[in-house]
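One structure below.
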Amino acid sequence: MQSSSSEKPAESSDSGVCTNCDSYTAADPTLVENGGKGSVTTYGSITAKETSLGGACNYGQTNIQYYAAIHVNVSPGDDKGPWDGGMACGGCVHVKAKTPDGWKEVTVRITDRCPDANCGVDLGGAPASDIMGIQVGRYYGEWEFVSCEGVEGVWGDSTSIWVKEGASEFWSIIQVRNPKDMVKKIAIQGMDSDEDYTLEMVVGTENFWTVPQEILQSNKKYSVVVTYRSGTDDEWILESSELTIPEANLYLYEHRKE
Numbered sequence: 001m002q003s004s005s006s007e008k009p010a011e012s013s014d015s016g017v018c019t020n021c022d023s024y025t026a027a028d029p030t031l032v033e034n035g036g037k038g039s040v041t042t043y044g045s046i047t048a049k050e051t052s053l054g055g056a057c058n059y060g061q062t063n064i065q066y067y068a069a070i071h072v073n074v075s076p077g078d079d080k081g082p083w084d085g086g087m088a089c090g091g092c093v094h095v096k097a098k099t100p101d102g103w104k105e106v107t108v109r110i111t112d113r114c115p116d117a118n119c120g121v122d123l124g125g126a127p128a129s130d131i132m133g134i135q136v137g138r139y140y141g142e143w144e145f146v147s148c149e150g151v152e153g154v155w156g157d158s159t160s161i162w163v164k165e166g167a168s169e170f171w172s173i174i175q176v177r178n179p180k181d182m183v184k185k186i187a188i189q190g191m192d193s194d195e196d197y198t199l200e201m202v203v204g205t206e207n208f209w210t211v212p213q214e215i216l217q218s219n220k221k222y223s224v225v226v227t228y229r230s231g232t233d234d235e236w237i238l239e240s241s242e243l244t245i246p247e248a249n250l251y252l253y254e255h256r257k258e
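Residue numbers (UniProt numbering): 1 to 258.
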């Protein structure tokens, strides 16, 4: 199976045919508009084709087969890669790599980070098999961030807001699971008041956003708006108490505005 997306990188006259394709010389990745170029590697089993364990994005066990880690750095230790403290989590990347048969392509969801020197995109087992076959190695590739909508293999479940274990009326942090694209912003607005909060990402616990205590203790109803990289939004209507329930999985389809 080869994943596809409605958003595709620009066409190139380069056929992508190469020899010794699995021995691409390690080098720092190059950033380009909305993506990058450099090494495509794998940290999964191309035979077992496991599902993602959630990685540094802290999703826990998932049913996502088409997943990958994205580079943290451009040059070693500079933190200038697209990982960006976990902001890349949940986004999808369309990857194409040079092989003996020409360019091969796959779309994956980012569930992990790759801090290693010379890392670009590090594929899970299923997408690596699509590109590399049985010849595992370091390939030259190019990648572009795209929407996850309509892409096979990157969905483990329906889109939801998940509340971290330990939540209470005094403390709660949340994440978006199976988002339609990379999450850029989460805002919470009062349904019957002029309250308006923009959530901050948690420092030290990647891919979580802090819910203000005044919301947790308010006993009110709120609109929770998630804005994606593409500029599109999803909106949940939630009771404040729902954000205090440890490990609550608040599905979008169950909490849409009536």
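All C-beta atoms, glycine included, are put in the ideal place defined by N, C-alpha and C.
Return the bridge partner residues of residue i from the DSSP annotation.
i: GLN189; result: ASP196 and SER223
i: PHE208; result: PHE208 is not bridged to any residue.
i: CYS92; result: ARG109 and VAL146
i: ASP122; result: THR41 and ALA69
i: GLU239; result: LYS221
i: GLN175; result: TRP162
i: VAL74; result: VAL74 is not bridged to any residue.
i: VAL183; result: TYR228
If residue i sits next to residue j, beta carbons under 8 Å apart, how far is it from one beta carbon to the other, in whole angstroms?
i: VAL136; j: ASP233; result: Wrong, their Cβ atoms sit about 40 Å apart, outside the cutoff.
i: TYR253; j: SER158; result: 6 Å
i: CYS114; j: ASN207; result: Not quite, the Cβ-Cβ distance comes to about 15 Å (not below 8 Å), so this is no contact.
i: ILE64; j: TRP155; result: 7 Å
Helix, strand or coil for residue i, going by three-state DSSP, please let me know.
i: GLY81; result: coil
i: GLY86; result: helix
i: GLU254; result: helix
i: CYS21; result: coil
i: THR159; result: coil
i: ALA56; result: helix
i: ALA26; result: coil
i: ILE61; result: Sequence inspection shows Gln at residue 61; the Ile mentioned does not correspond to that position. GLN61 falls in the coil class under three-state DSSP.
i: SER15; result: coil
i: ASP234; result: strand
i: ALA128; result: helix
i: THR47; result: coil
In whole angstroms, what separates the C-alpha of residue i from that of residue j?
i: GLY36; j: GLU144; result: 7 Å
i: TYR66; j: LYS49; result: 9 Å
i: GLU258; j: THR111; result: 32 Å
i: ALA187; j: GLY124; result: 32 Å
i: LYS221; j: ASP194; result: 12 Å
i: TYR24; j: SER39; result: 7 Å
i: LYS164; j: CYS18; result: 46 Å
i: THR41; j: GLU149; result: 25 Å
i: THR30; j: SER241; result: 45 Å
i: GLY16; j: VAL74; result: 24 Å
i: GLU152; j: ALA126; result: 12 Å
i: GLY90; j: ASP78; result: 22 Å
i: VAL93; j: SER52; result: 15 Å
i: VAL224; j: GLY44; result: 35 Å
i: HIS255; j: GLN189; result: 15 Å
i: THR244; j: GLY231; result: 28 Å
i: LYS184; j: VAL226; result: 8 Å
i: GLU200; j: ASP14; result: 43 Å
i: ASP192; j: LEU250; result: 21 Å
i: GLY219; j: LEU238; result: Reading the sequence as shown, one finds Asn at residue 219 and not Gly. Each residue's alpha carbon lies about 11 Å from the other.
Using 6 Å as the cut-off, classify the Cβ of residue i as near or not near the heavy atoms of the ligand GDP, replying yes or no.
i: ILE215; result: The ligand GDP is not part of the structure shown, which contains no ligands of any sort.
Cβ contact (3+ pairs, closer than 8 Å) linking the stretch 96 to 107 and the stretch 209 to 223: no
Would you check if the stretch 172 to 181 and the stretch 66 to 85 touch, i.e. whether three or more CB-CB distances between them fall below 8 Å? no
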